[in-house]
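Visitor: Residue numbers (this note's numbering): 40 to 422.
Where is the CB? At the ideal position from N, CA and C, for every residue including glycine.
The model shown is predicted, which means the values in this text are computed figures rather than measured ones.
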Ligand code: SOE
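#1: How is residue 120 classed by DSSP in three states: helix, strand or coil?
#2: If you drop the 5 nearest sequence neighbours on each side, which residues of the same chain put their C-beta closer than 7 Å to that of residue 23?
#3: State the start and end residues of the unbroken alpha helix (DSSP H) segment that holds residue 197.
#4: On the DSSP letters alone, give me the boundaries of the beta strand (DSSP E) that residue 180 sits inside.
#5: Taking the alpha carbon of residue 106 as the reference point, which residue from 96, 97, 119, 99 has its own alpha carbon closest?
#6: Between residue 323 and the rest of its own chain, which residues show a CB-CB distance below 7 Å, the 5 nearest in sequence each way excluded?
#7: Once DSSP output is grouped into helix, strand and coil, what is the label at residue 168?
#8: With a 10 Å radius around its C-beta and 16 neighbouring C-beta atoms as the bar for buried, classify residue 200 as buried or exposed.
#9: Identify every run of the beta strand (DSSP E) within the region 334-358, keeping only runs that are complete inside it and at least 3 residues long; order them along the chain.
#10: Determine the direct distance from the alpha carbon of residue 80 to that of residue 108, and round the result to whole angstroms.
#11: Quick one: give me the first and last residue of the alpha helix (DSSP H) that residue 273 is part of.
#12: Whose C-alpha, out of 239, 381, 44, is nearest the C-alpha of residue 248?
#13: Mind pulling the beta strand (DSSP E) runs of 3 or more residues that sit fully within the region 228-301?
#14: Hey, how far is the Cα of residue 330 from the Cα of residue 361?
#15: Report back the beta-carbon spacing between residue 354 and residue 290 to the nearest angstrom; my notes put them in contact at under 8 Å.
#16: With 16 as the cutoff for other CB atoms within 10 Å, does residue 97 come out buried or exposed?
#17: Please identify the residue among 341, 191, 245, 233 whose C-alpha is closest to the C-alpha of residue 286.
#18: Can you determine whether any heavy atom of the ligand SOE sits closer than 7 Å to the C-beta of residue 261, and answer yes or no?
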């Protein structure tokens with residue numbers, strides 16, 4: 040079959056640049072389709088770093104100015120892998136040039152900015168998606184199938200947490216490469232926008248939208264040296280954020296994230312309790328889905344741990360990988376996202392979350408931060 044080239048222009052080359060590029064390299068082998076992904080160009084301000092990345096990962100060209108990259112006629116899609124404060128400007132420009140856009144999460148600094156990006160991609164009619172990769176871990180996708188089948192019955196509770204511990208050191212600087220997540224001007228928010236954004240995206244996908252929230256945030260280290268200015272500066276991000284709220288289906292929400300949970304590196308977990316079934320998932324054990332099925336015979340009723348590696352179509356994505364019992368990891372959630380995105384281009388049914396769908400997470404995040412600031416319940420969509 041003659042394939043249609045899908046030429047990627049990647050902006051940024053950090054941790055996510057590597058995760059996305061790895062997915063582009065894998066997708067054609069494991070999920071062959073109509074498109075052939077081509078690593079056309081990578082852009083970084085530092086030319087030597089751009090060239091080194093291009094050489095290591097196989098990009099054909101480099102750029103040092105993102106405006107040059109998005110204007111290149113030999114690129115079909117722009118992948119935005121830079122700090123959050125640059126997402127909107129780049130996406131809007133890329134849309135004007137008619138490029139498909141794959142944007143790192145969160146979509147934007149806030150919902151208002153997200154709306155400008157949606158307007159741009161809709162006006163240009165270009166395909167778009169946000170990299171909320173955890174949806175596409177096979178065990179999480181299996182949870183979605185179970186919930187959609189109605190087997191859980193009425194949903195009562197959804198709780199999620201995302202715990203890390205890498206910012207406890209008070210002499211860790213803020214800003215600059217690697218540490219821009221601590222700089223409010225680059226990140227827009229702290230753990231809420233960085234970690235809870237994932238929890239919220241999965242929750243909305245699995246359990247529907249949220250009506251209202253009541254939140255608390257804390258900044259444990261009040262000042263940090265800024266890596267770019269060398270000066271001590273006020274820390275503007277939330278180091279920890281917890282909130283509860285109400286889903287549109289009436290179930291209760293309970294979310295927590297922090298970078299101050301000693302011993303936890305990336306402990307993202309969620310649990311959903313329905314009338315007939317509960318489901319639990321843990322990123323540290325990502326290929327397992329824990330299920331308690333009340334409809335089981337009472338003699339053998341109990342929590343079971345499903346190893347989501349069967350290569351029948353019963354276990355999402357797994358028919359494309361190895362043999363039963365052999366797991367895939369974090370990296371493949373990105374491969375699955377590219378596969379679904381390309382499949383969406385082929386079928387005309389876009390894979391999510393599109394920019395428009397990802398706005399919901401942004402609206403919830405705005406409400407969460409507003410609630411923490413005002414110490415009031417806030418309706419989602421009001422801020
Ligand atoms: C932060 O440490 C981080 O890398 C997030 O930015 C990612 O989105 C998350 O998946 C893992 O943690």
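Guide: In brief:
#1: coil
#2: The displayed coordinates of the chain run from 40 to 422. Any statement about residue 23 would go beyond what the structure contains.
#3: No alpha helix (DSSP H) contains residue 197, which is instead part of the beta strand (DSSP E) from 194-202.
#4: Here residue 180 belongs to no beta strand (DSSP E); instead the alpha helix (DSSP H) covers 177-187.
#5: If we check each option's Cα against that of residue 106, 119 comes out closest.
#6: 306
#7: strand
#8: buried
#9: 342-346
#10: 8 Å
#11: It is not in any alpha helix (DSSP H) - residue 273 instead sits in the beta strand (DSSP E) that spans 271-273.
#12: Nearest of 239, 381, 44 to residue 248, Cα basis: 239.
#13: 249-257, 262-264, 271-273, 279-286, 291-297
#14: 24 Å
#15: Not confirmed; about 26 Å, so no contact.
#16: By the 10 Å Cβ count, residue 97 comes out exposed.
#17: 245
#18: no
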